[in-house]
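Written out below as C-alpha cells is the structure these notes cover.
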Amino acid sequence: MAAALAMGVSAPALASELGGGVYPNGAEGFSGAAMPPPGTYLLGYLQHYEADRFNGPDGEAGLLPNFRVRSDAAIVRMVHMTPVKILGATWGMQAIVPVVKLKVGAAGLGDETTGLGDITIDPILLGWHFQNGVHVSAGVDINLPLGAYDRRKLSNISRNYLNFEPVVALAYYGKKGFSLDVKVMYDINTRNNQAVFTPFNPTGASYRSGNELHADIAVGQQIGKWKLGASGYVYKQTTKDQVSDPTAQAFIERMRGFRGQVIGVGPTASYQAGKVQLIGTWQHEFHAENRPQGDKFWLKAIIPIGR
C-alpha cells in the first residue's frame, strides 16, 4: 500500500511531568502523512526505547543521577476511511490502543509497570489527494487517560489527564519513487490533579505540562518492493510547566520552565509484501534538553482488512 496513515499513536509516559509525553516521537515515518483510500486498516506497532541519561536544560547529562529507562510497547491501531467527502477531503476515524511494559530507575529508586496505556481516538480524519503526488491530511487526536496510573510510581504508562493534539501532515510521492512525509503536531495538555510524588514535586501538587510542538519527518527512495531512507523527529516544548506548589514552581523556573527539546534520526526501510507494508526503523537521539536521550526501535505493519 503506497499511502498509509497520518495521525497519532499513544505513547508510554516516563512519569507524569518528568519528561514524558502523549505522542511517541518518530512513530510515523514512511507512509505517515497520507490517508489511504476508503476501507478499514489494521496497523500494528512494536516499539522499544532505552535511555541511560536524563539531560538538563543545556543538554548536559546527569539531571537525574543513575537514570535508566526501558520501554516496550505493542500498539494496535484501527483506521476506517469512508467514501464521504468533507471540504473535498475523504473522511475517516481511528482508535489506538497500546499495551506497555515500562521500567524506570533514578537516584536509587525504581519500579516497573505493565498494562494498558492511554487510548487515543480521532472521530474526524480528513485526507486530500492531488494529481501531482501531493497529499494533505488533518485531524485532532484526543488522548483519553485510561491507562495504568499510580502517583507513587515512576513507571506510569498513563498521563492521567486529557490531551488534545491537532495534526497536519503533508506527503509527496514522486513518479520515480522519491517520497517525503512530514507530520506536524501540537499537543495541548490539561492539568493533572493527582501528580506523581517526585523530588521536584514532593507534595504531588496539581501539575500542568507545557504545550508541545513536534514533527515526524521521513525521506525515502523506492527500489522495487523496497524503500530505503531516513526517518527522524524534532520536538520542542513551547510553554513552561506549571505546578500549584510555589516551591516546586520556583524549581521549574530555574530549569527554564522545564521546557523539553529533542532531535532524533536514523535509517529506515520498508518492504511491500503483497498488500501488507512492513517498516523497520532505528532512531538515535542526538540532542535532548530536560528529557531522556536514547535510542528508539520500531517495527510496523500496515494491513488493509476490508472496504
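If you're matching positions, the sequence shown starts at -16 in my numbering and goes up one per residue. No residue lacks a Cβ here, since even glycine has one placed at the ideal position from N, Cα and C.
183 is the residue among 58, 121, 183, 60 whose C-alpha sits nearest the C-alpha of residue 224.
Within the model, the alpha-carbon separation for residue 14 versus residue 81 is close to 20 angstroms. Straight through space, the alpha carbons of residue 57 and residue 280 are spaced by roughly 12 angstroms. The Cβ atoms of residue 69 and residue 109 sit closer than 8 angstroms to each other. For residue 229, the enclosing alpha helix (DSSP H) starts and ends at 229 to 237. Minimum Cα-Cα distance from residue 44 among the listed residues 287, 167, 274 corresponds to 274.
In the displayed model, residue 241 falls within a helix according to three-state DSSP. Collapsing the DSSP output to three states places residue 18 in coil. The alpha-carbon separation between residue 24 and residue 233 amounts to approximately 48 angstroms. Put simply, the segment 132 to 144 touches the segment 99 to 113. At least three CB pairs are less than 8 angstroms apart. Residue 192 has its alpha-carbon roughly 9 angstroms from the corresponding atom of residue 220. By alpha-carbon distance to residue 10, the top candidate from 107, 125, 166, 289 is 166. CA-to-CA, the gap between residue 213 and residue 151 works out to about 20 angstroms. Scanning 287, 202, 6, 135 for the CA closest to the CA of residue 160 turns up 202. DSSP places residue 108 within a strand segment (E or B) once states are collapsed to three. Residue burial annotation: residue 197 is buried, with at least 16 other C-beta atoms found within 10 angstroms of its C-beta. Using a Cβ distance threshold of 8 angstroms, residue 207 and residue 156 do not count as a contacting pair.
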